[in-house]
Each structure stands twice: as C-alpha cells, then as structure tokens.
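Written out as structure tokens, the structure reads:
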C-alpha cells in the first residue's frame with residue numbers, strides 16, 4: 001500500500017491508511033469517552049471493509065459519485081484524527097461537552113458514509129459502461145441518468161440531494177416516457193423515503209411532492225404510487241395543511257391518483273382530509289381548487305364517504321366552485337355533486353334550493369362551446385331528473401332543447417349520457433316530459449343511435465325510446481322514420497349479446513298493432529328472433545310473438 005503522505009497516493013489508499021491508523025494506533029490510546037470511541041471503531045471497521053471491497057471491485061473509478069463520496073470520507077477521517085488526538089490528553093482542551101458533541105457528530109457522519117457506500121455499490125451505477133461501451137440510444141441514456149439521479153438522492157449532503165432533485169424534475173418533465181423509465185428504475189420508493197428524511201427542508205419536500213405528482217399523471221406510475229400505501233398518503237395530507245399553494249396543488253394531483261381505492265378514500269376521510277380539501281376549494285389557488293375537488297370527486301364515489309362530505313357543508317361549497325371556479329374546477333365540482341345526489345332525494349332538493357339548476361344551465365351552455373364537461377353536465381341533469389318535481393322545473397327551464405342538442409353530439413360518451421338522461425326524464429316526468437321531448441326532436445337522433453357501433457349506445461337509445469313511445473304522438477313520429485322498426489328488430493337477435501332484450505320487445509309491442517309496422521317487423525325477421533326469445537323466457541316476448549302471428553292469420557282470412 002502506498003504511503004499516505006505520498007502525493008501520488010489515490011484517495012481510497014489515503015483513506016484506508018487513515019482508517020488503519022485510527023483503528024490500530026489512535027483509538028486504543030484514548031482517555032475519554034471510550035464507549036463512544038468504541039462505537040466509532042465499529043463504524044470505522046465497516047467503512048474499512050467497504051473501501052477495501054470498493055477498491056478491488058472498482059479500481060481507478062472516476063465516476064463523479066464515487067469521487068465525491070471518497071473525498072467526503074477522507075475529509076471526515078481527517079477530522080476524526082484531530083478529534084481523537086483531543087481525547088488522548090489527560091485533560092480535554094475543548095471541554096467535555098463540546099468534545100462529546102463533536103464525537104456524536106462524527107458518529108453521525110460515519111453512519112452516513114457507511115450507508116452511502118452500501119447504496120452506491122448496490123445501485124450498480126459504478127458498473128454501468130465501465131468498459132467504455134456507451135449506448136447511444138436515448139432510452140438507455142435516460143435510464144442511466146435516472147439510475148445516477150436515484151443514487152444521488154440517497155447519498156451525500158442535503159445540497160447534493162437538492163441538486164439531484166432539480167435534475168430529476170427536469171428529466172421527468174421532458175417526456176412521459178422518461179417518467180415510465182424512472183418508475184421502472186425505482187424512483188417512487190426513494191421519493192417516499194425522502195419525505196420521511198428529517199433533514200429535508202420544506203423546499204425540498206415541495207420538490208419531492210412535485211415529482212410524485214408528475215409520476216401520478218402517467219398511467220404506468222399510478223399503481224406504484226398506490227403500492228406505497230398510507231405512508232405516502234399521510235405525507236400528502238400533511239402538505240394540504242402546511243404546504244404552499246404550489247405544493248398543495250401538486251399534493252392534490254397526486255392524491256387524485258391515490259383516491260380511487262376504497263381504503264385510501266376512507267383514510268382521507270378519517271384523517272381530516274375532507275375538511276382540508278373543502279377549505280382549499282373555498283380559499284385555494286385556482287389550480288389547487290381544481291385538483292382538490294378532483295380528489296373529492298373520486299372519494300364521493302364511495303357511499304360511506306358521502307355523508308362526511310355532506311356534514312362538512314360540501315354541497316354548498318361545491319356549488320360555489322361550480323359557479324365560479326376554473327372550467328376544470330367546475331367540471332370536477334359538478335361531477336362530485338352528481339355522485340352525491342345520485343341516491344339522495346334530500347340532496348337533490350338542496351342543490352335546487354341553492355341555485356343548482358341555474359349553475360348547471362350556465363355550465364352546460366359554456367361547455368357546449370368546447371364540448372368539454374358536457375358529459376358530467378348531462379349526468380347531473382339525469383340524477384336531478386330522477387325526482388318528479390325537479391323534472392318539471394328542468395323542463396320549464398328549457399333543458400329538453402339542450403338535451404336534443406347533445407343527442408346529436410359527436411362524442412360517444414356524451415350521447416350515451418344523454419340517452420340515459422332521456423330515459424330518466426321520461427320515467428319521472430310523466431306525460432308532459434314525454435310529449436315535450438317528442439316535440440323538441442329527441443326521437444330521430446335516438447333512432448340513429450340504434451345503429452351505433454357501441455353496444456351501450458344501442459342499449460341506452462332503445463331504453464329511451466321504449467319510454468318515449470308510451471306517448472301516442474311519439475309513436476307517430478317514430479313510424480315516419482323508415483329505419484326505426486328495422487333497427488329495433490335487429491336488436492332482438494339473440495346473437496347480439498349483452499343487450500337487455502326486454503326493451504326492444506316492449507317497444508315493438510307498442511307498435512305491433514299498426515299494420516304497416518307489423519309488416520316491417522315480419523319482413524325484418526321479428527318472428528324468428530322473437531321465437532328464440534320466447535324459448536329464452538325474455539319478458540314480454542311471448543305476447544309479442546302472439547301479436548305477430550295474429551296479424552298473419554288475419555291476412556290469410558282477408559285473401560279473396
């Protein structure tokens with residue numbers, strides 16, 4: 001081994017020489033704090049083993065991480081030599097208390113060095129491309145950079161970790177693929193552990209939450225975040241109460257990815273999260289409001305959480321945000337309200353009393369300009385329309401004409417929501433609602449939806465028509481469309497699985513007494529299909545088949 005005084009000695013050799021001197025010569029001769037120096041001896045022995053292995057495994061390593069770590073260890077060992085000298089004198093020159101504090105600080109540094117060496121060796125970054133075979137692919141470059149940054153986040157000083165976090169955020173924000181690569185390299189557990197790292201400053205924790213929120217926006221990262229469980233959830237909830245506006249917004253974005261599970265929704269509710277989120281909805285920044293209400297929208301899907309939201313005055317707060325928030329905040333608020341009122345008549349009435357219909361009207365009209373948010377607008381309309389008295393108000397406010405407009409929308413999800421809304425309004429609104437929807441033009445777009453590619457679109461259209469055609473005038477409108485009867489008959493086909501056959505059966509039963517309609521049904525194969533449905537015991541199919549055959553018999557008797 002080279003002499004430690006040689007100017008040509010490498011840093012590892014110098015450190016190993018210092019370690020040998022401390023272990024074999026210096027520490028055995030101390031007079032003070034022998035128990036603490038005994039602990040230091042254990043740490044130094046571990047460090048000596050690591051550096052020896054490090055020297056053998058990675059000779060002449062020039063990786064920046066290894067250089068920084070070895071230099072830091074060397075600096076600590078020089079401090080240790082000076083400190084042990086103080087403890088060798090009969091009297092302590094710096095006083096007992098200061099010397100004790102200095103030794104405790106040394107023990108802390110040695111522990112950190114041992115941990116950092118272990119992380120650095122196990123990370124594999126020192127083994128990457130050490131033979132000079134560097135990959136030129138962008139993906140491989142990002143992978144290597146992510147592994148390097150993940151290691152830097154776990155070792156070294158707070159300043160070094162802070163710098164690594166800045167670099168990581170740059171990488172993550174460049175591309176969603178970079179996020180996927182970082183997740184695959186294990187970034188999420190490291191970020192969560194950093195949130196637990198006590199020396200982390202509030203600025204550093206905000207950056208960590210920002211990185212976590214970025215991961216939450218990419219599908220490949222969401223399940224990894226969920227796997228971190230309540231530890232991550234609790235950290236994010238603490239940010240809601242003590243973070244800055246920016247940090248709160250990022251925490252809420254991450255919470256949106258975590259709040260889809262029932263367990264996490266319950267945890268948010270039991271840890272005061274609902275009141276914090278509602279407070280943000282009232283007084284937060286525009287961005288944090290939209291994200292906070294997004295979390296509330298997710299947890300409102302669970303019935304056991306809904307009552308907590310209501311008790312915290314959630315309905316009134318959500319209506320306020322739906323009236324004056326950003327477009328995204330309004331959309332999330334209306335979606336959340338829709339969940340709350342879906343099975344609660346008293347909450348539907350509360351929404352109406354608090355001006356909810358006018359708020360919905362304004363949002364619906366603005367959403368029509370961009371086609372964004374229309375689906376949630378139609379969904380809350382449907383849930384409001386489940387109440388008969390409210391259905392009458394909706395009709396009087398001109399919502400039927402709006403409903404016709406979205407039935408013709410080019411967005412499938414919006415058309416499906418509109419079909420469900422027609423069905424709900426037709427059931428609860430009575431004859432007046434059916435008549436109004438028929439006169440405003442709901443029937444023709446619903447007939448077109450019968451031929452849609454999506455099975456759900458076909459089903460909601462036939463459900464809506466089966467209710468509308470209970471009104472005689474609507475049947476006359478339906479019969480005028482040449483495709484109507486044929487399209488409904490095709491839905492009887494048993495090979496078309498997943499669609500409840502009782503709806504096309506009930507609709508055809510309303511039309512079968514019309515001679516022209518009956519002819520169309522028979523020509524389209526209704527008898528064959530209905531016979532199979534009778535064998536399957538589908539509701540109403542037997543009576544429909546009898547009506548079809550009855551028409552055939554009368555035609556036979558009427559021949560000359």
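In UniProt numbering, the protein residues as written are 1 to 560. Using N, Cα and C, we set each Cβ at its ideal position, and we do this for glycine too. This structure is a prediction, so every number in the text was calculated from the model and none was measured.
- Between residue 452 and the set 533, 415, 475 and 310, the nearest pair of CA atoms involves 415.
- By the criterion of at least three beta-carbon pairs nearer than 8 Å, the segment 108 to 118 is in contact with the segment 44 to 57.
- The segment 19 to 28 makes no contact with the segment 93 to 113: fewer than 3 CB pairs, one atom from each, lie closer than 8 Å.
- In this structure, residue 325 sits away from residue 282, with a CB-CB distance that is not shorter than 7 Å.
- 157 is the residue among 226, 14 and 157 whose C-alpha sits nearest the C-alpha of residue 197.
- Per DSSP, the continuous alpha helix (DSSP H) segment holding residue 246 begins and ends at 245 to 258.
- Looking at the backbone, the Cα of residue 209 and that of residue 448 are separated by about 48 Å.
- Residue 155: not part of any alpha helix (DSSP H); DSSP gives it neither H nor E.
- Here the C-alpha atom of residue 256 lies approximately 19 Å from the C-alpha atom of residue 173.
- Per the C-alpha coordinates, the member of 286, 220, 80 and 251 positioned closest to residue 233 is 251.
- Distance between residue 121 and residue 410, taken at the CA atoms: about 57 Å.
- Residues of the same chain with a CB within less than 6 Å of the CB of residue 368, apart from the 5 flanking positions on each side, do not exist.
- The criterion of a C-beta distance shorter than 7 Å is not satisfied by residue 349 and residue 312.
- Residue 536 sits in coil when the DSSP states are folded into three classes, being neither helix nor strand.
- Following the DSSP letters along the chain, one finds residue 500 in no alpha helix (DSSP H), marked with neither H nor E.
- DSSP places residue 478 in the uninterrupted alpha helix (DSSP H) bounded by 472 to 480.
- If you compare the alpha carbons of 306, 509, 248 and 319 with that of residue 262, the shortest gap goes to 306.
- A distance below 8 Å between beta-carbons, with the five flanking residues on each side excluded, links residue 441 to the following residues of its chain, in chain order: 404.
- Per DSSP, reduced to three states, the secondary structure at residue 336 is helical.
- A straight line joining the alpha-carbon of residue 31 with that of residue 102 spans about 16 Å.
- In terms of Cα proximity to residue 64, the closest of 160, 100 and 76 is 160.
- Residue 313 sits in coil when the DSSP states are folded into three classes, being neither helix nor strand.
- In the three-state DSSP reduction, residue 24 falls in the helix class (H, G or I).
- Residue environment for residue 515: exposed (fewer than 16 other C-beta atoms within 10 angstroms of its C-beta).
- The C-beta of residue 334 has 16 or more other C-beta atoms within 10 Å across all chains shown, which makes the residue buried.
- Here residue 73 is near residue 15, since their CB atoms are less than 7 Å apart.
- Under the 10 Å beta carbon count, residue 506 is surrounded by 16 or more other beta carbons and is classified as buried.
- Under the DSSP assignment, residue 363 falls in the alpha helix (DSSP H) whose first and last residues are 356 to 370.
- Rounded to the nearest whole angstrom, the C-alpha separation of residue 44 and residue 97 is 23 Å.
- As the crow flies, the alpha-carbon of residue 220 is around 8 Å from that of residue 183.
- Residues of the same chain with a CB within less than 8 Å of the CB of residue 259, apart from the 5 flanking positions on each side, are 265, 268, 295, 298 and 299 in chain order.
- Taking a 10 Å sphere around the C-beta of residue 461, we find 16 or more other C-beta atoms and assign the residue as buried.
- For the pair residue 445 and residue 493, the CB atoms are not nearer than the 7 Å cut-off.
- Under the Cβ criterion (8 Å, minimum of three pairs), the segment 191 to 207 counts as touching the segment 228 to 248.
- Just so you know, the alpha carbons of residue 379 and residue 421 end up roughly 7 Å apart.
- Pairing residue 469 with residue 510 gives a Cβ-Cβ distance under 7 Å.
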